[in-house]
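Asks: Just dropping this structure here.
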Amino acid sequence: MKRPEDILTKLLLQNNDDWEIDRVTCDDSADEIHITLKYRHDTIHVDGKEFPIFDFRHERSWRHLDMWQYKTILEARVPRYRDGDGIKSVPVPWAMPNSRLSWLMEKKR
292 MKRPEDILTK LLLQNNDDWE IDRVTCDDSA DEIHITLKYR HDTIHVDGKE
342 FPIFDFRHER SWRHLDMWQY KTILEARVPR YRDGDGIKSV PVPWAMPNSR
392 LSWLMEKKR
């Protein structure tokens, strides 16, 4: 039998091994589910190069499709890496850069 975390991971991250669900909280008073995602690795691979994590951005949130009639919010601290003179954020697999909506929420609109 699959654990609820495994089912949520498959639905939310769709075979992306770089992220995992760290915490799920349900706020019944606001009818919200908050799913906190965590980057799994100590390094970042970009275009065949490996970079150590420089730091993490402040926690961001993305609106996701409702689950069980609850407003669903994805939350994560996105890792950053230094590439040459610049510092870049890791792209998240569930949303476009600078978007506050997940891919699936964008698709629904």
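Position one of the sequence shown corresponds to residue 292 (the numbering used here), numbered consecutively onward.
No residue lacks a Cβ here, since even glycine has one placed at the ideal position from N, Cα and C.
Kindly indicate the opening and closing residues of the beta strand (DSSP E) around phenylalanine 345.
Replies: It is not in any beta strand (DSSP E) - phenylalanine 345 carries neither H nor E in the DSSP assignment.
Asks: Threonine 403 to leucine 303, Cα distance in whole Å?
Replies: Summary: the structure shown does not reach residue 403, with the chain confined to residues 292 through 400, and so no result is reported for it.
Asks: What residues match up with aspartate 374 in a beta bridge as DSSP calls it?
Replies: Per DSSP, Gly377.
Asks: Classify isoleucine 378: buried if its beta carbon has 16 or more other beta carbons within 10 angstroms, exposed otherwise.
Replies: Answer is exposed; the Cβ neighbour count stays below 16.
Asks: In whole angstroms, what is the alpha-carbon distance linking valine 383 and histidine 355?
Replies: One C-alpha to the other measures close to 14 Å.
Asks: Would you say aspartate 309 and histidine 332 are within 8 Å of each other, going by their C-beta atoms?
Replies: Against a cut-off of 8 Å, the Cβ pair of histidine 332 and aspartate 309 comes out as a contact.
Asks: Rounded to the nearest angstrom, what separates valine 369 and aspartate 357 at their Cα positions?
Replies: Computed Cα separation, rounded: 23 Å.
Asks: If tyrosine 361 and proline 343 are in contact, beta carbons under 8 Å, what's the gap, nearest whole angstrom?
Replies: At roughly 37 Å, the Cβ-Cβ gap does not stay under 8 Å, so tyrosine 361 and proline 343 are not in contact.
Asks: Report yes if the CB atom of lysine 340 is closer than 8 Å to the CB atom of glutamate 311, and no otherwise.
Replies: Cβ atoms of lysine 340 and glutamate 311: not closer than 8 Å.
Asks: Please say whether isoleucine 326 and valine 315 have beta carbons closer to each other than 8 Å?
Replies: In contact: valine 315 and isoleucine 326 (Cβ atoms closer than 8 Å).
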